[in-house]
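>
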Amino acid sequence: MKVNEIVKFLNENELGDVEVLKSEKDLLLVNFYFDLDQDLLAAAKAYANEECEDESSDAWEKEYYLPYLYDFCNDEVLSIVEDITEDLNIAGEFMAFQMKDKSAEYVQFMAIFTNEDSNVSIEEVVKDYIG
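Going by the working numbering, the residue at position 52 of the sequence shown is 518; the numbering climbs one at a time, nothing skipped.
1. Quick check on S545: does DSSP put it in helix, strand or coil?
2. Are Y499 and A514 close, meaning C-beta to C-beta below 8 Å?
3. On the three-state DSSP scale, how would you describe F538?
4. Which of the three DSSP states, helix, strand or coil, is assigned to E582?
5. When DSSP labels each residue in this structure, what does A510 get in the three-state scheme?
6. When the Cα atoms are used, what is the spatial distance from I588 to E485?
7. Using DSSP with H/G/I as helix, E/B as strand and the rest coil, what is A525?
8. Under a Cβ-count criterion, where at least 16 other Cβ atoms within 10 Å of its own Cβ denotes burial, should L494 be classed as buried or exposed?
9. Ends of the alpha helix (DSSP H) at E559?
10. So, helix, strand or coil for D492, using DSSP?
11. Looking at the structure shown, is Y595 part of a helix, part of a strand, or coil, going by DSSP?
12. In whole angstroms, what is the alpha-carbon distance linking D505 and S522?
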């Protein structure tokens, strides 16, 4: 597995604290964070305010604000993982951890990279790393 190339690619795409959790000949599991900048937080707030009038309500946070951030981060990471898999001719899969409240400053992800013909799923591998 091209560990250094994958880690470099993740770092170059401004994903934070990239950590190799498991590295084998045909498998790489990494943990990283998508940091939420002020522009993204402002966009999420504007969207939530447009959809829901009561900023102090649970609905504002749980149905609009957090899903906006979560979906944005997922889309960005999906694009990055797809670029890696296409460039290196490998398979990739990722999972995001749910955001708990609106004070969150990042979204945590784990990604697995394998040979294209592998049938290993991320769920099988990450169970030893999440508590």
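Just so it is clear, CB atoms sit at the ideal spot from N, CA and C, and this is done for glycine as well.
Let's see:
1. Looking at S545 - three-state DSSP - the assignment turns out to be helix.
2. no
3. helix
4. Note: E582 maps to coil in three-state DSSP.
5. Collapsing the DSSP output to three states places A510 in a helix.
6. 16 Å
7. The answer is helix: DSSP assigns A525 an H, G or I state.
8. buried
9. Segment 557-562 is the beta strand (DSSP E) holding E559; no alpha helix (DSSP H) there.
10. coil
11. coil
12. 21 Å
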